[in-house]
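Enquirer: Sequential numbering of the sequence shown, starting at 10, is according to the working numbering. Note that beta-carbon positions come from the ideal geometry of N, C-alpha and C, so glycine has one too. On a predicted model such as this, the values are computed, not experimentally measured, just so you know.
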Amino acid sequence: MEETQLDFLAIGDITTDAFIRLKEAEVHCDVRTDSCQICMNFADKIPYESVTVIPAVGNSPNAAVSASRLGLSSALVANIGDDRNGEECLESLKKDNVQTDYIKKHHGMHTNYHYVLWYKDERTILVKHEDYTYTFPTIENLPKWVYLSSLGGSSEHFHQEISDFLASNPNIKLAFQPGTFQMRLGYEKLSQLYSRCDILICNMQEARLILKTNEREPGVLLRRFKSIGPKIVCITDGPKGAYTIGGLDKDDTRMWFMPPFPDPKPPVERTGAGDAFASTFASALILGKSVEEALKWAPINSAFVVQDIGAQKGLLTREALEQYLSTVGEEYKPKQI
10 MEETQLDFLA IGDITTDAFI RLKEAEVHCD VRTDSCQICM NFADKIPYES VTVIPAVGNS
70 PNAAVSASRL GLSSALVANI GDDRNGEECL ESLKKDNVQT DYIKKHHGMH TNYHYVLWYK
130 DERTILVKHE DYTYTFPTIE NLPKWVYLSS LGGSSEHFHQ EISDFLASNP NIKLAFQPGT
190 FQMRLGYEKL SQLYSRCDIL ICNMQEARLI LKTNEREPGV LLRRFKSIGP KIVCITDGPK
250 GAYTIGGLDK DDTRMWFMPP FPDPKPPVER TGAGDAFAST FASALILGKS VEEALKWAPI
310 NSAFVVQDIG AQKGLLTREA LEQYLSTVGE EYKPKQI
């Protein structure tokens, strides 16, 4: 029996998140730079309210789960250690019907484990990426799409392997949601990937970091990214909404603004909101939706993710998302800019 072609192959690091809910802290912000700091007493005992441990998360695992719940066949390329945390990551992915054949287990190493300082509805994440040797697996069931996101600091050469794989398989489309290390590399070192993109997704702050600019005008940032090569660029701006340029037709240069979906109730915490938006936007396009339709899908999943702890619990099925979409008013739609 011939194997059905895989829809969605996510590539990126996987981790376990331990959410530590803080009780005693303060946040101080600089209105000139929009930067904020969380502050606690130094050399003190700091009470906390609870700890919630969530396995199998990270930008790409979150995207793989999102795609699976929206009806796509998905798999993940990642690395784990030979520990209980790694086993729990595999078990969690399998429950969401994410294929784990391309996850490499490294003997004698730990699975990534992050601590999330959760205060009010925001979080600060203490991250540690294990020093895995990244190697691209043999992909027997070639995917229709690759979704690339966050990788550790020892993965620079691995990006060339991904580029080579995509060059050898020109029919595979690429969605790229750059992670921290990839943004720090800059677009010059990853120019093959940026120019190969069918979809590039990041937030406003990340866009300025990648492009090494202080520019704040969304249209200028969109056009600069578009000139690098991506067919579609999507820049999110938190509760202000999102902006796009382009379409899967490379000659499409239309720009759109999408207002946010109203939060059903105040957010519990915001981990995974960006991943939910990015993966849902990409998944909608993979399912044959237009850019305008994808822009209506993405904020809904993002709004429901922040109603639960962690990046995956609140992710919707396609049926649930379309049900919520059917209840929105006429004002909830993208506007051409």
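1. What ranges does the beta strand (DSSP E) occupy inside the region 133 to 201, keeping only unbroken runs of at least 3 residues that lie completely in it?
2. For the region 264 to 274 against the region 51 to 66, are there 3 or more C-beta pairs whose distance is under 8 Å?
3. Count the other CB atoms within 10 Å of the CB of Ile318; is the residue buried (16 or more) or exposed (fewer)?
4. CB-CB under 8 Å to Ile171, same chain, minus the five flanking residues each way: which ones, in chain order?
5. What's the C-alpha gap between Pro269 and Gln169?
6. Run through the DSSP bridge pairs and tell me what Lys344 is partnered with.
7. Cα-Cα, which of Phe290, Leu160 and Ile148 is closest to Val300?
8. On the premise that Gly238 lies in contact with Asn68, defined as a C-beta separation below 8 Å, what is that separation, rounded to the nearest angstrom?
9. What residues are listed by DSSP as bridge partners for Thr289?
10. Using alpha carbons as the reference points, say which of Cys98, Gly297, Cys206 and Ser164 lies closest to Arg193.
11. Take Thr262 and list the residues in its own chain whose beta-carbon comes closer than 8 Å to its own, dropping the five residues that flank it on each side.
12. Check this for me: beta carbons of Phe17 and Ser83, under 7 Å apart or not?
13. Taking the C-alpha atoms as reference points, what is the distance between Ala73 and Gly247?
14. Rounded to whole angstroms, what is the Cα-Cα separation between Ile346 and Leu85?
15. In the DSSP assignment, find the unbroken alpha helix (DSSP H) run with Ala73 in it and report its ends.
16. Could you please give the first and the last residue of the uninterrupted alpha helix (DSSP H) stretch that includes Gly90?
17. Give the secondary structure of Leu334 by DSSP, where H, G and I count as helix, E and B as strand, and everything else as coil.
18. Hey, could you find the ends of the alpha helix (DSSP H) Ser299 is sitting in?
Expert: The relevant details are as follows:
1. 154 to 157 and 182 to 185
2. no
3. In the sequence shown, counting from the first residue as 1, residue 318 sits at position 309. Counting Cβ neighbours within 10 Å, Ile318 comes out buried, since at least 16 surround it.
4. Numbered from its first residue, the sequence shown carries residue 171 at position 162. The answer, listed in chain order, is Ile20, Phe145, Val155, Leu157 and Leu202.
5. Taking the sequence shown and counting its residues from 1, the one referred to as residue 269 is at position 260. Taking the sequence shown and counting its residues from 1, the one referred to as residue 169 is at position 160. Those two C-alpha atoms are separated by around 36 Å.
6. As a position in the sequence shown, residue 344 is number 335, starting the count at 1. Looking at the DSSP assignment, Lys344 forms a beta bridge with Phe266.
7. Mapped onto the sequence shown, residue 300 falls at position 291. Selected option, being the one with the closest Cα: Phe290.
8. Here residue 68 is taken as the residue at index 59 of the sequence shown, counted from 1. Here residue 238 is taken as the residue at index 229 of the sequence shown, counted from 1. Not really, about 21 Å apart at Cβ, beyond 8 Å.
9. Walking along the sequence shown from the start, residue 289 turns up at place 280. Partner(s): none; Thr289 has no beta bridge.
10. Walking along the sequence shown from the start, residue 193 turns up at place 184. Of Cys98, Gly297, Cys206 and Ser164, the residue nearest in Cα terms is Ser164.
11. As a working note, residue 262 is residue 253 in the sequence shown. So the list reads Lys235, Ile254 and Gly255, once near-sequence residues are dropped.
12. Position 8 of the sequence shown holds residue 17. Position 74 of the sequence shown holds residue 83. Closer than 7 Å, so yes.
13. Taking the sequence shown and counting its residues from 1, one reaches residue 73 at position 64. Taking the sequence shown and counting its residues from 1, one reaches residue 247 at position 238. The alpha-carbon atoms of Ala73 and Gly247 are separated by roughly 22 Å.
14. Counting from 1 along the sequence shown, the entry for residue 346 is found at position 337. Counting from 1 along the sequence shown, the entry for residue 85 is found at position 76. Using only the alpha carbons, I get a separation of about 36 Å.
15. Locating residue 73 in the sequence shown gives position 64, counting from the first residue. Taken as a continuous stretch (DSSP letters only), the alpha helix (DSSP H) holding Ala73 covers Asn68 to Arg78.
16. For this step, residue 90 is matched to residue 81 along the sequence shown. Run containing Gly90: none in the alpha helix (DSSP H); it sits in the beta strand (DSSP E), Ser83 to Gly90.
17. Locating residue 334 in the sequence shown gives position 325, where the first residue counts as 1. Leu334 falls in the helix class under three-state DSSP.
18. What you label residue 299 is simply residue 290 of the sequence shown in a count that begins at 1. Careful: Ser299 lies outside any alpha helix (DSSP H) and carries neither H nor E.
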